[in-house]
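In this note's numbering, the protein residues as written are 27 to 625.
Listed below in structure tokens is the structure:
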């Protein structure tokens, strides 16, 4: 007999709805039921195959030689009937009625009965409705059920509000193991270790019936070396002498002990008579409107820069002799030092350099002779490079950003370096599948920046460009269009105020988008700083200007230790020679350091 398979198209949604509707009818009218769940106040007829399909707990119960398996009755006398009813409604219909009043019971029972879809739904609900008033209670709930995802979310909320949480009853009722785990976290937003000490003392005073000294478990979480002499003066002398970590050199700064700075690369002249460039970084503090210098490895133009926490990674670039580099280096703002890492497989500049989780991605660019298709990635854990899928076309000088596990490459130039054409479109690289997608565009993007904020990708564009301006095809428009995208690359209808003049770098700092090095009028170089918060009608110009000539490699936000902690960090370099190019420049660098000491 011949078997013919008919294809009626994509009817998965219709078929799925029919199954759900059928299960609902069987449950509501108690048809073909072969099991019963018994609570203290009610009996619930149901179907073994349905329960087993969503719950390993029920599957094991109904397939093993136990009394419940033979009698088809499951006793859940300690669970309220309303909770069991809610769980069965979810299993049969996919619907759940969640509120802050019933969520803890539903989450607890779904964990116990191993109903993962409902557990995940409760997880998302708790995460969405978490705030400083309930984060400690949710933390304990997640920890008791070993839900790491919810635990991480709760810990993040606790870290943001730790100073105010000490006044909450939930904090005082934490167990010793819970309070030590919280106070030992690096993520706590405290700018003084004395805050942690006072939190530990407050909790212990509530727990202890007598005036007993802090237990060793609590003493170990306090990082006394991070305290100033003035702060240590307020600590019990006996505690200091008995504390084993007092003289330790192994400790980390808390999250709140960093300043979040905007960093960008400066190009300056060291010796004008020799027309010789020198390079270093400057960091901008939007709170104080001040600039400070950071050491840079330069000179590299068109290098790829990525920040991961307190570390700045720099790949490739073109040096002052017009040689393209494959070098790869990292600056650690905690140690205030540069280190050399394994080089890329080939020289690159004007390439994309992005970060996702523990991997850095170097994409496209140019080796001076040709524009590149190739891409490679560096694993921060394994400390090595490996290749990834090639771009669908050679591309350089594009705007790039990482958004929800996808790498966006927007605009740029394709073809060859000698006859480059402006690319009117964008590429998306899906990291999980190692595949590229190519999308046509109708807007010319020249020098610009792409940043992610509030689950949207903002491409802030202007009409000026430093790379390939004379050879662009089609020619530049007087005003490029800034756009907003979702993570699929779809254009969102969102009003972004126009930028009429040039910009050098775009960066997100907290909830603001900053333009570093903009031109408001016909000035000789871009020196203005603007910021904009989504929803506002225009850009705001900062009073402070850029006090130097920008290199044009973009801007990034980086964590830099607060000045008060810098001298407390073991092994941190307190001096750095910012100048290169011979002994004469070295002397000038040392003189500069003495006259203008900075980070």
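Beta carbons are placed, not taken as given, at the ideal position from N, Cα and C, and that holds for glycine. Keep in mind that this is a model prediction, so the values were computed, not measured.
Residue 403 and residue 368 have their alpha carbons spaced roughly 12 angstroms apart. Residue nearest to residue 130 within the set 343, 147, 121 and 117 is 147 (criterion: CA-CA distance). Counting the other Cβ atoms within 10 Å of the Cβ of residue 309 gives 16 or more, which makes it buried. The segment 420 to 431 and the segment 388 to 397 touch, with no fewer than 3 CB-CB distances between them shorter than 8 angstroms.
Residue pairing for residue 533: DSSP places it in a beta bridge opposite 540. Around the beta carbon of residue 377, 16 or more other beta carbons lie within 10 angstroms, which makes this residue buried. Residue 49 and residue 161 have their C-alpha atoms some 37 angstroms from each other.
In this structure, the straight-line span from the alpha carbon of residue 63 to that of residue 200 is close to 35 angstroms. Beta-bridge partners of residue 381 (DSSP): 386. In its chain, beyond the 5 residues on either side, 229 have a beta carbon closer than 6 angstroms to the beta carbon of residue 205.
Shown here, residue 571 sits in coil according to DSSP, grouped into three states, outside any helix or strand. Sorting 169, 216, 171 and 168 by C-alpha distance to the C-alpha of residue 191 places 216 at the top. In this structure the segment 216 to 227 lies against the segment 239 to 257, because at least three pairs of beta carbons, one per stretch, are closer than 8 angstroms. Within the segment 73 to 145, the complete beta strand (DSSP E) runs of at least 3 residues fall at 99 to 101. For residue 410, the uninterrupted beta strand (DSSP E) run begins and ends at 410 to 413, by DSSP. By the CB criterion at 8 angstroms, residue 119 and residue 45 fall outside the cutoff.
Residue 137 is classed as buried because its beta carbon has at least 16 other beta carbons within 10 Å across all chains shown. Rounded to whole angstroms, residue 241 and residue 253 show a C-alpha spacing of 20 angstroms. The shortest CA-to-CA distance from residue 328 to any of 350, 89 and 398 is the one to 350. A direct Cα-to-Cα measurement between residue 151 and residue 179 gives close to 12 angstroms. Taking C-beta atoms under 8 angstroms as the contact rule, residue 323 and residue 598 fail to qualify, at a distance of about 18 angstroms. Straight across, the Cα-Cα distance linking residue 344 with residue 375 is about 6 angstroms. Residue 591: member of the alpha helix (DSSP H) spanning 589 to 592, first to last residue. About 21 angstroms separates the beta carbon of residue 565 from that of residue 286, a gap too long to meet the 8 angstroms contact definition. Non-local C-beta neighbours of residue 261 in its own chain, meaning closer than 6 angstroms and more than five positions away in sequence, are absent.
Burial is judged here by how many other beta carbons sit within 10 angstroms of a residue's own beta carbon; residue 100 has at least 16 and is buried. Here residue 186 carries a helix assignment [DSSP, helix/strand/coil]. C-alpha of residue 538 to C-alpha of residue 54: approximately 52 angstroms in a straight line. Counting only the Cα atoms, residue 400 lies some 11 angstroms from residue 370.
Within the same chain, no residue comes within 7 angstroms of residue 40 by CB-CB distance, once the 5 residues on both sides are set aside.
Rounded to whole angstroms, the gap between the alpha carbons of residue 155 and residue 396 is 52 angstroms.
A Cβ-Cβ distance of about 5 angstroms is found for the pair residue 340 and residue 355, placing them in contact under the 8 angstroms criterion. Excluding its 5 nearest sequence neighbours in each direction, residue 413 has C-beta neighbours in its own chain below 6 angstroms: 402, listed in chain order. Inter-residue distance for residue 467 and residue 450 is about 5 angstroms (C-alpha atoms, whole angstroms).
Counting along the chain, the unbroken alpha helix (DSSP H) around residue 255 starts and ends at 255 to 258. Its Cα nearest to that of residue 409, the residue 384 stands out among 384, 114, 426 and 570.
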